[in-house]
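Visitor: I am attaching a structure below and will ask some questions about it afterwards.
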Amino acid sequence: MVTDTEAIVLRQTRTVGGRRMILLFSRKFGKISVGTSLNEGGKNKSALAVRPFTNGRYELFKGRESYNLNHAQVLQSFYGIGEDLDKYMAASYVLELTEKILPDEMPQMKLYNLLLEFMEELENRGKKHETLVMAYMIKALDILGSMPQIRGCVCCGSTEEHLNLFSVKEGGMICRKCGENLKEEDSRPLIYETNFAIVDILGYFQKHPLSAFRKLALEEKTLEKLQKIMKQYLAYHLDVKELKSEGFFRDGL
Ligand SMILES: [Zn+2]
3 MVTDTEAIVL
13 RQTRTVGGRR
23 MILLFSRKFG
33 KISVGTSLNE
43 GGKNKSALAV
53 RPFTNGRYEL
63 FKGRESYNLN
73 HAQVLQSFYG
83 IGEDLDKYMA
93 ASYVLELTEK
103 ILPDEMPQMK
113 LYNLLLEFME
123 ELENRGKKHE
133 TLVMAYMIKA
143 LDILGSMPQI
153 RGCVCCGSTE
163 EHLNLFSVKE
173 GGMICRKCGE
183 NLKEEDSRPL
193 IYETNFAIVD
203 ILGYFQKHPL
213 SAFRKLALEE
223 KTLEKLQKIM
233 KQYLAYHLDV
243 KELKSEGFFR
253 DGL
């Protein structure tokens, strides 16, 4: 069966006999692996469309167990990302993260549009890309229903006090009383005390489009702490750990 879809290239790997597999995040089918004998160094138009950081239209042959690429066409190529090391690192991290949190063969239009928006914003952004990456991460988790709980204590529901304790294991903000109880039960409770308005920051990320972050950057210290918390959170709840591209995050995380 021949079909076609718009897609973003997440990754490319070599397989036997000079063939390649490209991992696509497609609009129609979600995350799929597609076999091809095209090589990105080739001169034809389809070859250009198998490079990472490309949004393209892909004509596929769907066999019983796999997809093969018939023809591809570039719709948008984010050259600006490939030419700037910091942007390249940020985009590599985001593509790898997206690959890890996205289930196989399940269409996810909202996340697709968010990823496209991220690439556009990153290509045009001047500096401090980590804030944009963090915004993408929070919004992606929100779309997939995996965002940390920030409205009220995740254990007891208390909304009364100013919440500044984040429990990785419980998956969100907790009140001081629940924090004390958890510390007694568990010698390594993975609770972080935040001296910044983490609830407001995560809420802002959740509510605003990525374009709202063009002139915004988190303070270094806030960013570092947030990265540390979210790294633990991703590992604990989504089994996302040791990403190849996580050197993008700071040392000591
Ligand atoms: Zn509580």
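The numbering of the sequence shown is my numbering, which starts it at 3 and goes up by one.
Cβ atoms here follow ideal geometry from the backbone N, Cα and C, with glycine treated the same way.
(1) Since A10 and F27 should fall inside the 8 angstroms C-beta cutoff, what is the C-beta to C-beta distance between them, to a whole number of angstroms?
(2) Would you report the Cα separation of A142 and R29, rounded to the nearest angstrom?
(3) Do you know whose CA, among G84, E107, S94, lies nearest S68's CA?
(4) May I have the straight-line CA-CA distance separating R53 from Q14, to the nearest angstrom?
(5) Please confirm whether any heavy atom of ligand 1 lies closer than 6 angstroms to the CB of S160.
(6) Nearest-angstrom Cα distance between P109 and K33?
(7) Please return the same chain residues whose Cβ sits closer than 7 angstroms to the Cβ of Y90, not counting the five positions on each side in sequence.
(8) Let me check understanding here. Comparing Cα to Cα, which of D86, C157, L212 lies closest to L117?
(9) I'd like to know if the segment 179-195 and the segment 219-226 are in contact, where contact means that at least 3 CB-CB pairs between them fall below 8 angstroms.
(10) Identify, in the order they occur along the chain, each residue of the same chain with its Cβ nearer than 8 angstroms to the Cβ of R127, setting aside the five sequence neighbours on each side.
(11) Tell me, to the nearest whole angstrom, how far the beta carbon of E172 is from that of V156; I am working on the premise that it is less than 8 angstroms.
(12) With 16 as the cutoff for other CB atoms within 10 Å, does L255 come out buried or exposed?
(13) Where do the N-terminal and C-terminal ends of the beta strand (DSSP E) with F1 fall, by residue?
(14) With the cut-off set at 7 angstroms, would you say I140 and L167 are in Cβ contact?
(15) On the DSSP bridge list, what partners appear for T308?
(16) CB-CB under 6 angstroms to L1, same chain, minus the five flanking residues each way: which ones, in chain order?
(17) Quick one: is A214 buried, meaning 16 or more other Cβ sit within 10 Å of its Cβ, or exposed?
(18) Starting from D106, follow its DSSP beta bridges and name the residues at the other end.
(19) Give the single residue among F80, L99, N72, L40 whose Cα lies nearest to the Cα of V4.
Guide: To lay it out plainly:
(1) Inspection of the sequence shows that residue 10 is occupied by Ile rather than by Ala. Correct: roughly 5 angstroms between the Cβ atoms.
(2) 16 angstroms
(3) E107
(4) 8 angstroms
(5) yes
(6) 8 angstroms
(7) I83, G84
(8) L212
(9) no
(10) K89, L134, R216
(11) 5 angstroms
(12) Interpretation of L255 is limited by its pLDDT of 37, a score under 50 that renders its predicted location unreliable; no figure is taken from the coordinates.
(13) It is not possible to answer for residue 1, since the shown part of the chain is limited to 3 through 255.
(14) no
(15) With the chain represented from 3 up to 255, any question about residue 308 goes unanswered, as that position is not in the structure.
(16) In the structure displayed, the chain extends from 3 to 255; residue 1 sits before or after that span and is not available.
(17) exposed
(18) K33
(19) N72
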